[in-house]
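In what follows, a structure is listed as structure tokens, so that the remarks can point back to it.
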Amino acid sequence: MNTMNLTLKIWRQPNAKAKGEMKSYKISGINDHMSFLEMLDVLNEDLQKKNEDPVVFDHDCREGICGSCSLVINGRPHGPQQTTTCQLHMRSFKDGDTIYIEPWRAKAFPVIKDLMVDRSAFDRIQHSGGYVSVNTGSAQDANNLPIGKEIADEAFNSATCIGCGACVAACKNASAMLFVSAKISQLAMLPQGQAERKKRAESMVAQMDAEGFGACTNTGACSAECPKEISMANIAMMNREYLGAKLTSEAV
Amino acid sequence: MILDSKIPAGPLAEKWEKHKFNLKLVNPANKRKYDVIVVGSGLAGASAAASLAELGYNVKVFTYHDSPRRAHSIAAQGGINAAKNYQNDGDSIHRLFYDTIKGGDYRAREGNVYRLAQVSVDIIDQCVAQGVPFAREYGGLLSNRSFGGAQVSRTFYARGQTGQQLLLGAYSAMNRQIAAGKVKLYTRCEMLDLVVADGKAKGIITRNLITGAIESHAGHAVLLCTGGYGNVYYLSTNAMMCNVTATWRAHKRGALFGNPSFTQIHPTCIPVSGDYQSKLTLMSESLRNDGRVWVPMKAGDNRLPTDIPEEERDYFLERKYPSFGNLVPRDVASRNAKYVCDEGRGVGNTKLAVYLDFADAIKRDTEAVVKAKYGNLFDMYQQITGENPYKTPMRIYPAVHYTMGGLWVDYNLMTTVPGCYALGEANFSDHGANRLGASALMQGLADGYFVIPYTLGDYLASTGAGKLSTDTPEFKEALDGVQKRIAKLLTMKGEKTVDELHRKLGLTIWDYCGMSRTEEGLKKAKAIVADIKKEFETNVKVLGGNEEMNQSLEKALRLADFIELGALMIQDALDRNESCGGHFREEYQTPEGEALRDDDNFAYVSAYEYTGDNQAPVLHKEVLQFENVKLTQRSYK
Amino acid sequence: MSLTGLFLVSFLLVHLSGNFLLYRSDNGDAFNLYSHFMSTNGVIRVLEIGLLAGFLIHIFTAYILTQRNKAARPIQYAVSASNAKVTWFSRNMGLSGSIVLVFLIIHLINFYFPFHYGYDTYVDIEGTSYKDMYTLVATVFKNEWWYSILYILAMVLLSFHLQHGFASAFQTLGLEHKKYTPIIKGLGTLISVLVPLGFATMPVYFLFFN
Chain G
0 MNTMNLTLKI WRQPNAKAKG EMKSYKISGI NDHMSFLEML DVLNEDLQKK NEDPVVFDHD
60 CREGICGSCS LVINGRPHGP QQTTTCQLHM RSFKDGDTIY IEPWRAKAFP VIKDLMVDRS
120 AFDRIQHSGG YVSVNTGSAQ DANNLPIGKE IADEAFNSAT CIGCGACVAA CKNASAMLFV
180 SAKISQLAML PQGQAERKKR AESMVAQMDA EGFGACTNTG ACSAECPKEI SMANIAMMNR
240 EYLGAKLTSE AV
Chain P
1196 MILDSKIPAG PLAEKWEKHK FNLKLVNPAN KRKYDVIVVG SGLAGASAAA SLAELGYNVK
1256 VFTYHDSPRR AHSIAAQGGI NAAKNYQNDG DSIHRLFYDT IKGGDYRARE GNVYRLAQVS
1316 VDIIDQCVAQ GVPFAREYGG LLSNRSFGGA QVSRTFYARG QTGQQLLLGA YSAMNRQIAA
1376 GKVKLYTRCE MLDLVVADGK AKGIITRNLI TGAIESHAGH AVLLCTGGYG NVYYLSTNAM
1436 MCNVTATWRA HKRGALFGNP SFTQIHPTCI PVSGDYQSKL TLMSESLRND GRVWVPMKAG
1496 DNRLPTDIPE EERDYFLERK YPSFGNLVPR DVASRNAKYV CDEGRGVGNT KLAVYLDFAD
1556 AIKRDTEAVV KAKYGNLFDM YQQITGENPY KTPMRIYPAV HYTMGGLWVD YNLMTTVPGC
1616 YALGEANFSD HGANRLGASA LMQGLADGYF VIPYTLGDYL ASTGAGKLST DTPEFKEALD
1676 GVQKRIAKLL TMKGEKTVDE LHRKLGLTIW DYCGMSRTEE GLKKAKAIVA DIKKEFETNV
1736 KVLGGNEEMN QSLEKALRLA DFIELGALMI QDALDRNESC GGHFREEYQT PEGEALRDDD
1796 NFAYVSAYEY TGDNQAPVLH KEVLQFENVK LTQRSYK
Chain S
34 MSLTGLFLVS FLLVHLSGNF LLYRSDNGDA FNLYSHFMST NGVIRVLEIG LLAGFLIHIF
94 TAYILTQRNK AARPIQYAVS ASNAKVTWFS RNMGLSGSIV LVFLIIHLIN FYFPFHYGYD
154 TYVDIEGTSY KDMYTLVATV FKNEWWYSIL YILAMVLLSF HLQHGFASAF QTLGLEHKKY
214 TPIIKGLGTL ISVLVPLGFA TMPVYFLFFN
């Protein structure tokens, strides 16, 4: 077990309106089995002992599935490995390192405090069409609707998105296309999603644009940083769905 | 107080049908006159909110997360049970019912459990219709796997993230209602009190976590779908923010708390690695389908696992339970891991772990097959421990995972405060003293999709759509109370951080009210918890103010309630002089070391009434009636 | 962007194949005939307007897109490190595009405008008089060596631009498939190497071999 001393440069911003800045902190005795967030817990305990305001950051399940954690570490969302921040462990760093920690940066993700941002734009996009309109109780027997394993697996791959926003944070254009396309693709592939297919593509893309996200230039940074490895193929599928819907839907 | 479970009379299989018919209905045109408050947006909350809004009620959903999708239901891995019998292996509603009652060590209500098994089949249909991508066979039909405590394959799953997929299904159904204007969503908004007037739940008090605004919300009914209280142990597989505040505040407002000491320790978690540990990570118990649990025969054997020859290994679950083997229920598997570690045969640095070995499965099925089944779990294990489980056995140890206890509810899911309901893990109802794997998702969705939409109408129809107002003395009193609690914490300026005290509380409850309990230990714990309470009330340090995002303040408010709950758990564990399921009192065990129930004296639900701060709670007993199953010593041999 | 981009790629192919006539050992007759045809044929003149429109739309949408994308991230990261899987040229299409644009303007000033307005060296081919484009090209490349270097540099950037642009256009149009995407990507790489290379041989040829 190795212990290390680190310099942390952390974005501190008291609230949404305040101007923020990078602040420097020294931290010592960090064990390489700690998770990155546990390292921040240690920092926060230290800060509180010194009567300083602890660093605010979003986190919850700490097992890589809730999508709460959202730190840009040394310039990369969720840090040097393709995983969530909570699953990043200190063995990825070495003694004496300086680590820069910043919030997701996007106009559509305003900072709430320190490293915490407001990602409700994602929810609003989902409200605009990320569902199959089926009331409780009206479903047929599940096995009356066979779905080929390949399609089911592909739909599942798209559905693994945890909504963390690393795609937006990684994209030089702060585009949300990977997130939006994952949902559109999942439902476009499945028979359940067919009835509302065109409307869904049109309204979700419209909401995405209204939120102020950038546009995709196909650099692939989103997928390369996505902790769930959502594929760029989803974006192509969304483009296809959207163009198809725009050309053929009844909505004027 | 007489506890009326309102279980309908008549044959088991007809109870729910009959009951549904007898429930009062609210006319479709009148439904829009009712406002329903749903606290929590996990499986129970989101499914209830969506289903009630579809019916026409106005629903307000509150979550302390930034998005409803982050509720901890999302972390469930393994699957969801349903008595579909798609595998033709002898499953039926009755068998699921029986397995659940038996798995719960005969401390759950027959009527509730049977209903759960009945609606389980509808849940799968509903989820598939929403587009939930369950695992499928090449022919396109749904795939199943087996899970602990059952001898049939009835578990539906979506690789290792069934919880996320089911939650996203319920979330999407709720999103549709948000778009339709029937659900109003309040995010980063935490419930801090229940408002009761004229003996009925009338609303809640919340704190906006961003602005600190304390607000009153009125509703004709309040549904608490706020999950379990495993974080009382500090280290658990629960998410960091999971807490008991909503249900505890309801308890303090008159809702009885059922079976608080019934907690589940999950056998397959990644062991603790150090003091800094903030949470424990569970790996799906589906791993036990192919992994074999073992420790060295000798105590203090420090060889690498791969160096220990076959004949010097003790596959203790297979040895003790030949018919269920590694698939014994969770409490049995956990306790046995503790025993072998107590004997000094634990493995790893801390000696608090046992091996879960896939070498045989890899030899039998190839690494590719094992990878296809459990790849993501193996990756997660490697990510956390830095070890490759394809090459060396995993190390696992039990950890707190689920709380069977919760607010006492009747058959309609209503607490003892009329108009206040508890759904999902927040209630005590269906799992008795131990929950079977893949049954939590089933219960959360059963309550939300298929029970509350019927039973809520009965209450609303009989109370009427009276005008709502938050401008009443009851709301004012509750709001003032919340403000005072916050002011007290912020002005205390003590020495101990919230986490320090929480760790201390957690360790105490784990040591004395965890996997096994003794009268002596519990009494000791009672005194320690009383000290922690005193220290918290006089010496806690919460920096910052109320009118800002203040995570320390949030944690402090939650810890205050955990401390009080901890005391109640200890009380309950002391009162129950028997062992059953997850509640294992060392004084009460069979010669083989299994839980020894005392059905003559303890076949009841303990329901505690709050009587005031630092006052002893009053125990009420709901005697359990078993008309359809014979109470036997649980055996998985 | 994708549609105009692919249209412009088609122009590059036509332009390159025409320019290869420079290499015919006929003192530039074939090239001069081709130049004449391109500058006088009515259909080509109409297409030329289309081409101009293609460029303008491509540039204009690029400008709009860039503005929008910049606005989407008002505060930049203090440290930014790119993922190794993300190529430099995919992140710098604006840069490579702008340099290619600057080159394009100089290119027009050097060849297009003189040829159409003012240049009056004629050559006689089989009894008819044509403007001697061949000599113009040869002179510029030979005498104005800085232009040749700029030309080659621009081709390198065009190569980067195409390397990302070609396959990206298909992705934007939603044409993605397990079987065909690798072919499209391969074709993109091939075009992005061969087309600029083809153009770049011309200054090299006139500088050193002619």
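If you're matching them up, the sequences are chains G, P and S in order.
Numbered by the working numbering, the letters in the first sequence go through residues 0 to 251 in order.
Numbered by the working numbering, the letters in the second sequence go through residues 1196 to 1832 in order.
Numbered by the working numbering, the letters in the third sequence go through residues 34 to 243 in order.
For every residue, glycine included, the Cβ atom is placed at its ideal position computed from N, Cα and C.
- Exposure of P:Pro1223 is indicated by the presence of fewer than 16 other C-beta atoms within 10 angstroms of its C-beta.
- Bridge partners of P:Arg1508 according to DSSP: P:Pro1491.
- The three-state reading of DSSP puts S:Lys164 in strand, counting E and B together.
- Contact residues of the segment 1635-1666 of chain P toward chain G are Tyr1644, Phe1645, Pro1648 (C-beta to C-beta distance below 8 Å).
- Taking a 10 Å sphere around the C-beta of G:Gln139, we find fewer than 16 other C-beta atoms and assign the residue as exposed.
- Taking all protein chains shown into account, G:Met38 has 16 or more neighbouring C-beta atoms within 10 Å of its C-beta and is therefore buried.
- Under a 10 Å Cβ-count criterion, S:Gly83 is classified as exposed, with fewer than 16 other Cβ atoms of the shown protein chains found around its own Cβ.
- Contact check between the segment 1564-1577 of chain P and the segment 1516-1526 of chain P: fewer than three CB pairs, one atom from each, fall below 8 Å, which does not count as touching.
- P:His1596 is a Cβ neighbour of P:Gln1459, given a cutoff of 8 Å.
- Counting only runs that start and end inside the segment 163-213 of chain S, the alpha helix (DSSP H) elements of at least 4 residues fall at 166-176, 178-205.
- As summarised for the segment 1248-1281 of chain P, there are no continuous alpha helix (DSSP H) elements at least 4 residues long confined to that stretch.
- Taking the Cβ atoms as the reference, P:Val1542 lies roughly 7 Å from P:Pro1500, within the contact range of under 8 Å.
- By the Cβ neighbour-count rule, G:Glu249 is exposed, with fewer than 16 other Cβ atoms within 10 Å of its own.
- Note that the segment 80-87 of chain G touches the segment 58-67 of chain G; at least 3 beta-carbon pairs, one per stretch, sit closer than 8 Å.
- Between the segment 1244-1260 of chain P and the segment 1345-1353 of chain P, the count of Cβ pairs shorter than 8 Å is below three; the stretches do not touch.
- Two segments are said to touch when three or more pairs of C-beta atoms, one from each, lie closer than 8 Å; by this definition the segment 1699-1714 of chain P touches the segment 1759-1778 of chain P.
- By the Cβ criterion, the segment 157-168 of chain S is not in contact with the segment 183-202 of chain G, since fewer than three pairs of Cβ atoms, one from each stretch, lie closer than 8 Å.
- Spatial neighbours of P:Ser1747 in its own chain (CB-CB distance under 7 Å, excluding positions within 5 residues in sequence) are listed in chain order as Val1693, Val1737, Leu1738, Gly1739.
- For the pair P:Ala1392 and P:Thr1827, the CB atoms are not nearer than the 8 Å cut-off.
- Between the segment 1582-1592 of chain P and the segment 1502-1514 of chain P there are fewer than three C-beta pairs closer than 8 Å, too few to call the two in contact.
- Annotation: Cβ neighbours of G:Ala223 in chain S (cutoff 7 Å, chain order): Asn116, Lys118, Val119.
- Under the Cβ criterion of 8 Å, G:Gly147 is not counted among the residues facing chain S.
- Per DSSP, P:Pro1593 is one residue of the beta strand (DSSP E) stretching across 1589-1598.
- For chain P, the residues of the segment 43-72 of chain G that bring a beta carbon within less than 9 Å of one of its beta carbons are Asn43, Glu44, Leu46, Gln47, Lys48, Asn50, Glu51, Asp52, Pro53, Val55, Phe56, Asp57, His58, Asp59, Cys60, Arg61, Glu62, Gly63, Ile64, Cys65, Gly66, Ser67, in chain order.
- Cβ atoms of G:Leu42 and G:Ile98 stay farther apart than 8 Å, at about 11 Å.
- For the segment 1285-1344 of chain P, the full-length alpha helix (DSSP H) segments reaching 4 residues or more read 1288-1298, 1305-1325 along the chain.
- Out of G:Ala220, G:Met236, G:Cys215, the CA that lies nearest to the CA of S:Ala105 is found in G:Cys215.
- Under the three-state reduction of DSSP, G:Glu228 is assigned to coil, being neither helix nor strand.
- In the displayed model, P:Phe1519 falls within coil according to three-state DSSP, outside both helix and strand.
- When beta bridges are read from the DSSP output, P:Ile1232 appears opposite P:Lys1255, P:Val1417.
- Of all C-beta pairs linking the segment 1439-1450 of chain P to the segment 1741-1761 of chain P, three or more are shorter than 8 Å, placing the two stretches in contact.
- At least one beta carbon of chain G lies nearer than 8 Å to the beta carbon of P:Lys1474.
- Inter-residue distance for S:Met188 and S:Val133 is about 8 Å (C-alpha atoms, whole angstroms).
- Beta-carbon to beta-carbon, S:Pro107 and S:Tyr184 are separated by about 38 Å, too far to satisfy the 8 Å threshold.
- For P:Arg1402, the enclosing beta strand (DSSP E) begins and ends at 1395-1403.
- With distances taken between CA atoms, G:Asp113 lies nearest to G:Val71 out of G:Pro226, G:Met3, G:Ala175, G:Val71.
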